[in-house]
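These notes concern the structure reproduced below.
Residue numbers (this note's numbering), protein chains in the order written: chain A, 4 to 218; chain B, 4 to 218.
See below:
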């Protein structure tokens with residue numbers, strides 16, 4: 004059991020909620036809070052010159068970028084691993100995580116921006132981005148061979164990334180009034196069902212819902 | 004010494020040349036080639052459903068996403084490490100790598116696109132992107148405490164990422180006719196000088212130059 008780490012961030016952010024889910028899985032105690040004075044305050048920019056969340060404090064150590072934080076925590080508190088020890092499984096876990104991050108979350112951010120701050124060529128941006136998003140979802144559907152979870156029967160980092168991407172995807176669907184973006188992708192849909200059955204996932208989903216209510 | 008791995012890709016890509024540099028550092032034998040029939044051919048999409056480079060073949064294993072490949076190679080061939088064994092140094096190396104990737108290369112790609120395929124709001128895109136790029140460079144300059152290399156005196160993954168970003172930055176400067184984007188950032192400039200002194204770096208720079216001549 005670890006001492007308590009501080010996570011600067013808000014649970015609604017996909018970068019933050021994947022980390023919170025990872026901490027829950029690893030039974031790492033955390034406090035989650037937004038930096039006093041905001042992300043661009045002098046104080047916070049001293050901690051993270053990018054002014055981004057999540058940023059963590061573990062004792063004296065300050066770390067940012069969600070992927071880097073998760074690798075760090077998994078090495079420092081290795082009892083329950085998010086990244087398996089076997090090189091091949093670890094590579095599969097990291098690869099699926101990277102696909103969710105680089106081809107799904109990135110595209111969802113663009114759609115999210117169009118929902119809250121539409122540009123003059125909104126229609127074209129949304130249509131181009133949906134094409135890319137669908138390409139990414141197809142690639143994941145083709146690449147993955149999930150059993151209960153993304154890689155085998157054990158919950159891993161790839162499931163934390165899938166969680167953050169799929170939660171965000173449902174949010175963006177709602178905001179833009181889109182039909183089910185997952186379509187007929189059976190493997191992803193089955194995986195999403197399995198992930199949502201986990202107690203720690205239900206807890207994070209509850210926290211996200213409560214956070215949005217108070218927005 | 005490893006058997007020869009196949010890297011699908013072109014040396015001019017920052018995602019590819021960081022990997023090639025990592026292989027040289029680790030003395031991993033590689034052959035670098037573009038997939039026959041191109042990135043979106045049926046054959047290549049079976050290997051990588053995203054149709055992206057770099058993609059590697061190491062025996063039967065196929066891996067893509069440069070960061071994932073580099074983690075894999077560093078674990079599989081650990082003799083010369085790109086990511087140090089100590090958790091704290093490894094975290095610093097991964098964090099600086101992530102900053103180059105997420106805040107520099109991403110912005111350079113946007114500028115590169117404006118150079119080869121300008122949009123109607125080109126001026127605004129370039130100016131907004133330069134602001135973000137400068138923010139990223141400032142953050143790296145503030146965060147890093149390089150000695151000879153990005154982290155301490157040993158060449159690491161962070162130097163592979165710095166190399167790919169800074170080579171690309173110089174290319175984009177040329178293409179858009181921009182002044183020195185590094186400005187007065189002393190730490191980055193000194194680091195770039197040290198990196199360029201390495202024999203393996205000179206070799207990759209030579210390969211990039213030859214590749215561009217033949218374009």
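Don't be surprised by glycine CBs; every beta carbon is placed ideally from N, CA and C. Computed from a predicted model, the values in this text were never measured in an experiment.
Looking only at C-alpha atoms, which of the options sits nearest to residue i?
i	options	result
residue 91 of chain A	B:61, B:170 and B:98	B:61
residue 108 of chain A	A:11, A:75, A:145 and A:21	A:21
residue 116 of chain B	B:174, B:194 and B:44	B:174
residue 68 of chain A	B:47, B:96 and B:58	B:96
residue 55 of chain A	A:166, A:19, A:86 and A:205	A:19
residue 17 of chain A	A:137, A:104 and A:132	A:104
residue 189 of chain A	A:100, A:140 and A:167	A:140
residue 83 of chain A	A:213, A:37, A:27 and A:63	A:27
residue 36 of chain A	A:71, A:53, A:9 and A:194	A:9
residue 158 of chain B	B:212, B:195, B:42 and B:49	B:195
residue 167 of chain A	A:180, A:14 and A:125	A:14
residue 209 of chain B	B:180, B:179 and B:170	B:170
residue 165 of chain A	A:178, A:177, A:193 and A:65	A:193
residue 6 of chain B	B:148, B:64, B:200 and B:122	B:64
residue 79 of chain B	B:30, B:121 and B:50	B:30
residue 180 of chain B	B:129, B:124 and B:137	B:129
residue 142 of chain A	B:49, B:39, B:216 and B:218	B:49
residue 138 of chain A	B:212, B:51 and B:125	B:51
residue 11 of chain B	B:149, B:57, B:211 and B:147	B:57
residue 34 of chain B	B:148, B:45 and B:59	B:59
DSSP puts residue i in a beta bridge; with which residues?
i	result
residue 65 of chain A	A:60
residue 99 of chain B	DSSP, once it has assigned bridges, lists no residue as partnering residue 99 of chain B.
residue 34 of chain B	B:9
Residue i versus chain B: which residues are under 7 Å apart at the beta carbon?
i	result
residue 94 of chain A	66, 71 and 75
residue 79 of chain A	90
residue 11 of chain A	What residue 11 of chain A touches in chain B: nothing, since even the nearest Cβ is about 15 Å away.
So, at 7 Å on beta carbons, what are the nonlocal neighbours of residue i in its own chain, with the 5 sequence-adjacent residues on each side left out?
i	result
residue 162 of chain A	152, 153 and 198
residue 144 of chain A	188, 190 and 191
residue 132 of chain A	110, 113 and 114
residue 203 of chain B	24, 27 and 28
residue 211 of chain B	14, 15, 20 and 170
residue 122 of chain A	128
With a CB to CB cut of under 6 Å and the five nearest residues on each side skipped, what residues in its chain are close to residue i?
i	result
residue 93 of chain B	86 and 87
residue 178 of chain A	118
residue 75 of chain B	66
residue 125 of chain B	117
Going along chain A in order, which residues have a C-beta closer than 8 Å to the C-beta of residue i?
i	result
residue 133 of chain B	Chain A residues near residue 133 of chain B: none, gap ~17 Å exceeds 8 Å.
residue 145 of chain B	52
residue 106 of chain B	53
residue 101 of chain B	68, 70 and 71
Report yes if the C-beta of residue i is less than 8 Å from at least one heavy atom of the ligand HEM; otherwise report no.
i	result
residue 205 of chain A	With respect to small molecules bound, the structure shown includes none, and the ligand HEM cannot be examined in it.
What residues in its chain sit with their C-beta under 8 Å from that of residue i, if we drop five residues either side in the sequence?
i	result
residue 160 of chain B	25, 73, 77, 85, 86, 96, 97 and 100
residue 41 of chain A	47
residue 172 of chain A	107, 111, 184 and 185
residue 135 of chain A	106 and 110
residue 215 of chain A	15
residue 146 of chain A	98, 99 and 102
residue 176 of chain A	182, 183 and 184
Determine the chain B residues that contact residue i at a beta-carbon separation under 8 Å, and present them in chain order.
i	result
residue 141 of chain A	52
residue 98 of chain A	66, 67, 68 and 71
Does the beta carbon of residue i sit closer than 9 Å to a beta carbon anywhere in chain E?
i	result
residue 188 of chain B	No chain E appears in the structure shown, which is made up of the protein chains A and B.
Worksheet entry | Sequence ranges, alpha helix (DSSP H) only - wholly within the segment 36-60 of chain A, length at least 4 | 45-50
Worksheet item: What are the uninterrupted segments assigned as beta strand (DSSP E) that are 3 or more residues long and contained completely in the segment 178-212 of chain B, given in chain order?
Response: none
Item to complete: Identify every run of the alpha helix (DSSP H) within the segment 110-153 of chain B, keeping only runs that are complete inside it and at least 4 residues long; order them along the chain.
Response: 125-146
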